[in-house]
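These protein sequence lines map, in sequence, to chains A and B.
Using the working numbering, you'd call the opening residue of the first sequence number 1 and step up by one each time.
Using the working numbering, you'd call the opening residue of the second sequence number 1 and step up by one each time.
Note that beta-carbon positions come from the ideal geometry of N, C-alpha and C, so glycine has one too.
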Amino acid sequence: MTTSVDPTIMEWLKTEVVPEGLEFKPLRENRVLVRVKLEDVAKLAERFVKKLGARLSHETGVDREQSGFDIVYVYDFSNVKNLVLILEASVDRDNPIIPSVGKVTWQAVWAEREIKEFLGINVEGMPDPRHQFLPYEWPKNPETGLPSDLSLYTPATTGIIPTSANWKPIGIDPTTARSSLLPIGPYHPGVIEGQTVYVRVDGEHVIDADIKTGYHHRGIHRLIERRGYNKGVFVAERVCGICSAAHGLAYVTCAENLYDAEVPERAQYIRTLLVELNRVQSHILWIGVAADLIGWKTGFMITWGLRERVMDIIEAITGNRVNYGIWRLGGVSRDVSQELAMKARQTIPGLKEALTQLIPAVVDHPVVKARVVGVGPLTFAQAFDGGAVGPVARASNWKIDTRRDNPPHAMYDPRKISWEIVVDDHCDMLGRTLVRAKETFVSIGIVDQCLAYLEKTTGEIREKPQTIEPGSEAVGLNEAPRGELFYYMRAGGTDVADYMMPEGKHNVQGSNLLQAVRIRTPSYRNNAIIPQMLIGSALADVPIVMGSTDQCLACTDRVEVINDKTEESHTLTWEELVRMSQKRWRS
Amino acid sequence: MVDVLFTAVTMLIMVPVALFAGILYVFLFRKLSARFQWRVGPIVRMYKDLAPLLGTSRILQPLYDILKLFGKDTPVPDISRKTIFVASPYLAFLCAFLAIFFIPFPGVPLLSTMEDSLVIASYLLIGAVMFTILGAASSGSPWGAIGARRDVEIFLIYEVGFVVALFSVGLVARSLSLWEIATRPGLPMLILNPFAAVLLFLVILGKLAIKPLDMAEAEAEIVAGPFTEYGGKHLALFQLMKAFLFYDMIALFITLFLGSALSSILWLPAYIIAVIVLLFFITVIQVLHPRFQIAKGMSWYGRWVLVFGLLTAIMVLVLRFYWVV
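Set out below in structure tokens:
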């Protein structure tokens, strides 16, 4: 499993890519950690993205308690070399200001907004300084509780006192848009998940668009940090119900990269099998949702009926339909017996045939074609700058796939499993539909090969994990059905304060808690570029364009009541909500 | 006097009959589309263990849905034009309801013997849609406004087809009384002028908002379109209107093109078969298609209405001047 970075790449890195680097540390697989000075990060981003064609996977920060913050940039150089570069810089705790990379590339904008809210680090010169998770009109800095330039409506920066009257989503001026500003969301029948897309329409024509997410932030990062490596995977699986296998695999890949992991071959096959079955059901699900979004209930019902067959296979293998719970560090917890593999494999040809009949019927339907051709255009340049991932990027003729570029700890070796990356040059809804339809068949091919291996062999499915060095870092990448999924972990044990430990014990080496885990889901990236796709389309196409990224916004929320005169806030409890509803019905 | 009394009695009987027929049509439509979509749909014979709880059959499910709505709160938005907003559902319902008296049922002429019953029926059917649009436009909701706008756009197309189809039959039959048209001797109009039949069928698709022409009520795009702000008994009235409209349109089609099926009550089985065939075609079209985007849908619909409108007009000229009917 462990491969060290090629010395020529290290040399290239030291001389050409980051000569400014203070410290070079090769990590496991193709990851290299480079420490730089904070002043250099914007300059380096410009060089990486504009000159060398790298992709910013994610930008995030780690709170190191009294030692300040670490700001972490992860660049993927797979367009040029087999390299993932982790760039780190220290930030002073008393003066937490970092230069903005969002000015250089749009890929960093949402990440910087997140850093600002999570860690209270100010980003200098960011192109979009609005709240990411809090409502736009939220007046205070969530970290310090003080009014700050985080809010658009802080008197210090804008002179506007926040009231409900001057509330506006930015980008759209309320004086000109009052009559034609349509809020699609937070809970709209078109996209049944919590987000708001504001569109300004002229008749049926969308002339401006804006997106606001953050309606159900659950604090999953923190939940995992407090649970430790082994239990964290179960939380990670619950980030998303549809691509739970992708989250499980990305998590274990990341955690296994913290130590010298060996994963048995059989376990790798089982992992691949599950992730690909997951992709098949997710893509079929998407085709159904897309059919529903253009008003075709029949297509929706029939594709979801077929999806049940895939779900049955998953259920037979793992015992579960949604969260499989079989991911373990160093392997998997459940074997797929030879008989089960044989039985499952017998259902594959029938499934393939049903899909071969159905998918062309969906894709070639004349009215469906009228609804998808030329809708929601996204050029290669827009996709690259916006940081699109997964089928959205591949439909814009960009051949990226994490399974090839930075394979997770599963069986994607082209010498053992034959598969291909599907790309399409339509750059619109049609392209995205075709990519997903073809990928379904590629995934079924992989599933078939995995089952063929499993029905012939037996073997170990799990290796014991080893001790994790305190302070070690790792990046785990995986191709989820919606695109590249990113996990970053830093092992605890060096900076974690003693208050996290039980009474009388001190935090020593070998603590089984993480200092930080950061997740960047593919929808996080694709959602950020939805407004670009929306502008210029017809109102009727808004739901399908939004749906074309296969959004996955995780749920769970609580109700907060804010009095905007006194700015007092009070969280409603469940009992209060019940009482309110009873009161309403008795009156 | 006896005639008047007979008409009055049949009209009284017709109210529950038409209501039941409309509900049954909606049920058949729902059941058929459910079967096409691998679903169960409203259950005809309830499972034995659930029968004590849910009744022996759910054929009247569309009626139960409407009754349920009557029992709910009826909100009226503050920013709406309240008088129009509240009056619209009643007027729309009234139009669709009154139309049943001007369209004959097998063996029962009702008011269709009146000289201009064709004109009156067509006005009432237009009125039902007009008041729906009016209510949506006065609701103050952007979704309602967009729904109303789309409704107007599509209304402008199918009303042209509607008028052409209706009066083509009237011109050939040399009468504007639906009963006279229906009981006219000779070949049925479906054979004489099939283009007009296709044209009226296209109009039915638009008028009943059958996919791919349900842009006005596009539920995933613009919430519920014209009905966004309506709830409670107002929405129930709109749904009742829909049931009656279903009955009206299908009865009108049969009257105009398969008139001999109405001459006697003994023709009822033939009437029922015609209804089922029409419903089957409507359902197949509904389940086979996604919704058009409004601009593309308009051009598609407009094109076919225009083509069949012209063919109908040519056919009428031929029939009227060169064919002794």
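If you draw a 10 Å sphere on the C-beta of B:V4, you find fewer than 16 other C-beta atoms in it, and that means exposed.
Inclusion of A:A540 and B:I294 in the CB contact set at 7 Å is warranted, their separation being smaller than that value. Apart from the 5 residues on each side of it in sequence, A:K212 sits with its Cβ closer than 6 Å to the Cβ of T196 in its chain, given in chain order. With its beta carbon less than 7 Å from one in chain B, A:E204 belongs to the interface. Against B:M215, the close residues of chain A are A540, in the order they occur along the chain (beta-carbon pairs closer than 8 Å). DSSP places B:L310 inside the alpha helix (DSSP H), whose first and last residues are 294-322. Considered as a whole, the segment 385-448 of chain A harbours 390-395, 402-405 as its complete alpha helix (DSSP H) runs of no fewer than 4 residues, in chain order. Pairwise C-beta distances place the segment 165-179 of chain B out of contact with the segment 263-273 of chain B, as fewer than three of them are shorter than 8 Å. Here A:V123 is not near A:E114, since their CB atoms are 7 Å or more apart. In this structure B:Q286 is buried. Its beta-carbon is surrounded by 16 or more other beta-carbon atoms within 10 angstroms. The shortest CA-to-CA distance from B:L288 to any of A:G295, A:E23, A:W286, A:V545 is the one to A:G295. Chain B has no Cβ within less than 7 Å of the Cβ of A:L223.
Only F36, Q37, W38 from the segment 14-38 of chain B bring a Cβ to less than 7 Å from some Cβ of chain A. The alpha-carbon of B:K233 is positioned some 20 Å away from that of B:F27. Burial state of A:E29 is buried, judged by a 10 Å Cβ sphere holding 16 or more other Cβ atoms. Within 8 Å of the CB of B:L288, the CB atoms of chain A belong to T298, in sequence order along the chain. Contact between A:G102 and A:D128 holds, with the beta-carbon distance rounding to 7 Å and staying under 8 Å. Of A:N278, A:E484, A:C254, the smallest CA-CA separation from A:D76 is found for A:E484.
Rounded to whole angstroms, the gap between the alpha carbons of A:H365 and B:R58 is 34 Å.
Excluding five sequence positions before and after B:R291, the CB atoms of its chain that fall closer than 7 Å to its own CB belong to K211, P212, D214, M215, A218, given in chain order. The Cβ of B:Q61 sits no closer than 7 Å to any Cβ of chain A. Taking C-beta separations shorter than 6 Å and ignoring five residues to either side along the sequence, the partners of A:S333 in its chain run I326, following chain order.
Cβ atoms of B:I204 and B:I282 come within 8 Å of each other, at about 7 Å. The continuous beta strand (DSSP E) containing A:H58 extends over residues 55-63. Annotation: A:R525 is outside any beta strand (DSSP E); the continuous alpha helix (DSSP H) that includes it extends over 522-528. Proximity of chain B to A:L534 at the Cβ level (cut-off 8 Å) is not reached, the minimal Cβ distance being about 13 Å.
Beyond the five residues adjoining it in sequence on each side, B:T255 comes within less than 8 Å, by CB distance, of I103, P104, S112, L178, I181, A182, L262 in the same chain, given in chain order.
Taking 8 Å as the Cβ-Cβ cut-off, the segment 51-78 of chain B has no residue approaching chain A. Distance from the CA atom of A:R93 to the CA atom of A:A54, rounded to whole angstroms, is 30 Å. For A:P481, not one C-beta of chain B is nearer than 7 Å to its own C-beta. Contact between A:M533 and A:V545 holds, with the beta-carbon distance rounding to 5 Å and staying under 8 Å. The segment 273-337 of chain A contains no complete beta strand (DSSP E) run of 3 or more residues. Take A:V41, set aside five residues on each side of it, and the residues of its chain with a beta-carbon closer than 8 Å to its own are I71, Y73, L87, A89, I98, P99, V101, in chain order. For B:R30, the enclosing alpha helix (DSSP H) begins and ends at 2-36. For B:I272 and B:A18, the gap between their C-alpha atoms comes out near 13 Å.
When DSSP assignments are scanned along the segment 128-155 of chain B, no uninterrupted stretch of alpha helix (DSSP H) that is 4 or more residues long falls wholly within it.
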